[in-house]
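First comes the structure, then the notes that go with it.
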Amino acid sequence: MPDIEELARRIIDDAKTNEEVEVVASRSVETEIRVYEKEVESLTRAESKGVGIRVVVDGRVGFAHCGSFDEESIREALESARDNARFATPDEFAGLAEPDGITPTPLDLVDPDFHRASTEEKIALAKELEKMALLGDSRISKIESTDYADVESEGFILSTKGIKSHTRATFAYVSASAVANQGDDTKTGGGYSVARGFGGIDLEKAASDVVKRATELLGAEKPSSRRLVAVLDPRITATLLAIVGGSLSADSAQKGRSMFGNRLGEEVASSRFDLMDDPTEPLARGASQFDGEGLACRRNHLIKDGVLQTFLYDSYTARKENRTSTASATRGYSSTPSPGPMALILRPGTKSQDEIVAEIADGILIRSISGVHSGVNPISGDFSVGAEGFLIKNGQIASPFKEATISSTIQKMLMGTVEIGSDIEWLPGISAGPTVAIEEMNLSGV
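Letter by letter, the sequence shown follows residues 0 to 445 in numbering that gives the first Met the number 0.
Have a look at this one:
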């Protein structure tokens with residue numbers, strides 16, 4: 000974005016002597032294709048771009064943005080930010096991020112062949128996945144949807160404090176959802192493959208994933224209620240980690256909205272539990288060289304050997320506790336920064352899922368959950384969700400189960416982690432985790 004960069008530099012150079020000014024610009028181009036019954040149901044290609052400006056004067060912060068790279072629009076946003084600062088309430092902790100001397104980790108997040116695939120080739124890829132999934136098992140009766148999507152994003156930040164950052168990344172995935180039937184029983188399941196670009200997509204993996212997850216729980220029955228060991232599939236682990244990560248935001252902790260508030264240095268999980276937020280991991284969907292304030296991203300060890308090491312800070316929340324930022328600011332051009340996880344990773348263990356299951360006399364393997372938004376309280380830690388999966392008996396996967404509820408608290412679940420697998424799975428979201436076994440979970444069925 001050379002033109003907008005030059006304009007941003009002029010805005011920074013024109014800042015008044017008593018002003019701190021920050022310019023954030025971003026651009027993204029996204030393609031989304033949906034195929035249904037061999038035909039293209041929808042195809043969109045959307046470009047988003049815009050500029051956000053923060054102005055800080057005597058502890059007063061003003062912010063404004065525009066959805067354009069037009070110079071006049073950006074100048075108007077600058078004046079609006081100045082006006083907003085004049086009417087803002089003074090805040091002793093207000094201010095822009097300052098360079099901290101940390102060198103950004105070199106990351107290659109761009110597929111060099113990203114633009115080579117034509118729209119026709121992307122459509123053909125989605126159609127082929129639909130065909131492969133439908134033919135993958137005779138019990139598959141219907142493919143509800145098949146999607147291909149990719150995005151190229153770019154952004155930069157300039158400020159009067161000397162911050163200068165530039166990021167660029169590409170990402171692509173295919174996914175499908177299938178319906179399977181066996182007698183009167185019907186199940187749905189989805190699968191996908193993710194990569195940095197079209198060429199990295201693995202159709203065989205995606206199709207196999209769809210078929211397996213759509214058919215494996217056919218014939219499931221309600222389980223009996225009891226307390227047992229619950230083994231979380233990597234995708235379920237990722238969901239749990241995302242909830243935990245939200246509570247590790249310094250903003251949540253400072254506002255009394257975190258289950259981990261005032262627990263720094265305390266044991267909050269099993270000694271097996273090592274949780275990091277690591278945007279420098281190139282396999283993570285949220286990988287980036289810089290955070291939302293232009294500071295170099297780094298690996299932050301949140302929980303080590305079960306002990307809470309730190310919360311995630313941006314520059315504002317760090318000032319409130321006389322700390323340094325962990326470079327965890329997240330934002331878009333139309334919002335101000337706030338701290339949060341970018342790439343949560345639970346350190347994998349050494350055992351496969353089969354090896355973990357082999358050590359369990361009475362348990363369940365959870366393959367899907369429902370009701371997370373209503374059944375999990377990120378402040379109290381209460382956890383109660385619907386679950387489906389397999390019973391585990393004497394170290395063997397037994398019959399599938401459905402229409403059950405698992406419950407506990409997140410605090411007890413972390414402390415009750417008895418095994419962590421080696422099978423980490425990289426997902427489109429902010430978190431990645433392996434199989435995890437948790438003791439003393441409540442299973443409610445019949």
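Yeah, the Cβ is synthetic: ideal placement off N, Cα and C, and Gly gets one too.
On a predicted model such as this, the values are computed, not experimentally measured, just so you know.
Alpha helix (DSSP H) segment containing residue i, residue limits
i: A123; result: 118–133
i: T30; result: No alpha helix (DSSP H) holds T30; the beta strand (DSSP E) holding it covers 19–35.
i: S314; result: 314–319
i: I73; result: 70–86
i: I409; result: 409–414
Cβ neighbours of residue i in the same chain (closer than 6 Å, five flanking residues each side left out)
i: A171; result: D149, A194, G196, F197
i: E46; result: V28
i: H165; result: F155
i: E19; result: V55, L95, T159
i: T335; result: F62
i: S79; result: A63
i: G415; result: I437, E438, E439
i: R330; result: G291, P336
i: R59; result: A84, A87, P89
i: P347; result: S421, I423, P433
i: S367; result: E387
i: K221; result: E402, G444, V445
i: I3; result: A24, F68
i: R44; result: T30
i: S251; result: S257
Of the residues the options, the one placed nearest residue i, counting alpha carbons only
i: S67; options: K48, P336, M440, D422; result: K48
i: L413; options: A360, E438, F389; result: E438
i: G182; options: R138, K160, S223; result: R138
i: T323; options: Y35, G100, A436, A125; result: G100
i: Q288; options: G260, V39, I122, V109; result: V109
i: T145; options: R167, H300, A125; result: A125
i: T104; options: R297, L345, P433, V356; result: R297
i: A283; options: S367, K319, E424; result: E424
i: E70; options: V50, A252, N261; result: V50
i: Y315; options: D90, F86, K37; result: D90
i: S351; options: D422, V371, D2, R44; result: D422
i: D353; options: G188, V267, N180, P433; result: P433
i: A237; options: V435, I162, I11, D2; result: V435
i: K163; options: L345, A7, L134, K15; result: A7
i: G189; options: G199, A175, A179, N180; result: A175
i: D57; options: Y332, K15, G199, T30; result: K15
i: A177; options: I235, F389, L134; result: L134
i: A116; options: T185, S140, Y147, G260; result: Y147
i: K186; options: R212, I200, V173, A317; result: R212
Contacting residues, own chain, Cβ-Cβ under 8 Å from residue i (five flanking each side not counted)
i: T102; result: A295
i: M258; result: S246, P377, I378, S379, G380, I409, Q410
i: E265; result: V306, L307
i: E457; result: In the structure displayed, the chain extends from 0 to 445; residue 457 sits before or after that span and is not available.
i: L106; result: T279, P281, A286, S287, Q288
i: C65; result: G49, V50, S72, I73, E75, A76
i: T349; result: S421
Sequence-distant residues of its chain with Cβ nearer than 7 Å to residue i (five each side left out)
i: S446; result: Residue 446 lies beyond the range of the chain shown here (0 to 445); nothing can be said about it.
i: L311; result: L247, S248, A249, D276, N299, T325, S327, P338, G339, P340
i: V356; result: V230, L364, I391, G394, I396
i: K319; result: F92, Q253
i: V39; result: I32, I122
i: M131; result: L202, A206
i: E151; result: S27, V28, F113, T169
i: S223; result: G444, V445
i: R256; result: I378
i: N441; result: R226, I405, S406, S407
i: L42; result: I32
i: I242; result: V375, P377, I409
i: R262; result: L307
Limits of the unbroken beta strand (DSSP E) element including residue i
i: K141; result: 139–158
i: E46; result: 38–56
i: D276; result: 274–276
i: V60; result: 59–65
i: S443; result: 435–443
i: K15; result: Per DSSP, K15 belongs to no beta strand (DSSP E) and is neither H nor E.
i: L301; result: 299–303
Please specify which runs of the beta strand (DSSP E), each continuous and at least 3 residues long, are wholly inside the region 216–261, giving them in chain order.
Taking only runs of at least 3 residues, the beta strand (DSSP E) segments lying wholly in the region 216–261 are 225–231.
Which runs of the alpha helix (DSSP H) spanning at least 4 residues fall entirely within the region 327–383, listed in chain order?
DSSP runs (the alpha helix (DSSP H)) wholly in the region 327–383: 352–357, 371–374.
Does the region 208–220 come into contact with the region 396–404, if we say contact requires no fewer than three beta-carbon pairs (one atom in each stretch) closer than 8 Å?
The region 208–220 makes contact with the region 396–404, as at least three CB pairs between them are under 8 Å.
For the region 426–433 against the region 333–345, do three or more pairs of beta-carbon atoms, one drawn from each stretch, fall closer than 8 Å, so that the two count as touching?
The answer is yes - the region 333–345 touches the region 426–433, with three or more Cβ pairs under 8 Å.
Go through the region 178–221 residue by residue and report every complete run of the beta strand (DSSP E) that reaches 3 residues or more, in order.
Those beta strand (DSSP E) runs which fall completely within the region 178–221 and span 3+ residues are 184–194.
Answer yes if the region 149–169 comes into contact with the region 14–34, meaning at least three C-beta pairs across the two stretches below 8 Å, and no otherwise.
Segments in contact, yes.
Taking contact to mean at least 3 C-beta pairs separated by less than 8 Å, is the region 299–306 in contact with the region 256–275?
Verdict: yes, contact present.
Across the region 347–363 and the region 230–240, are there enough close Cβ pairs to call them in contact, namely three or more that are closer than 8 Å?
Yes: the two stretches touch, three or more of their Cβ pairs being nearer than 8 Å.
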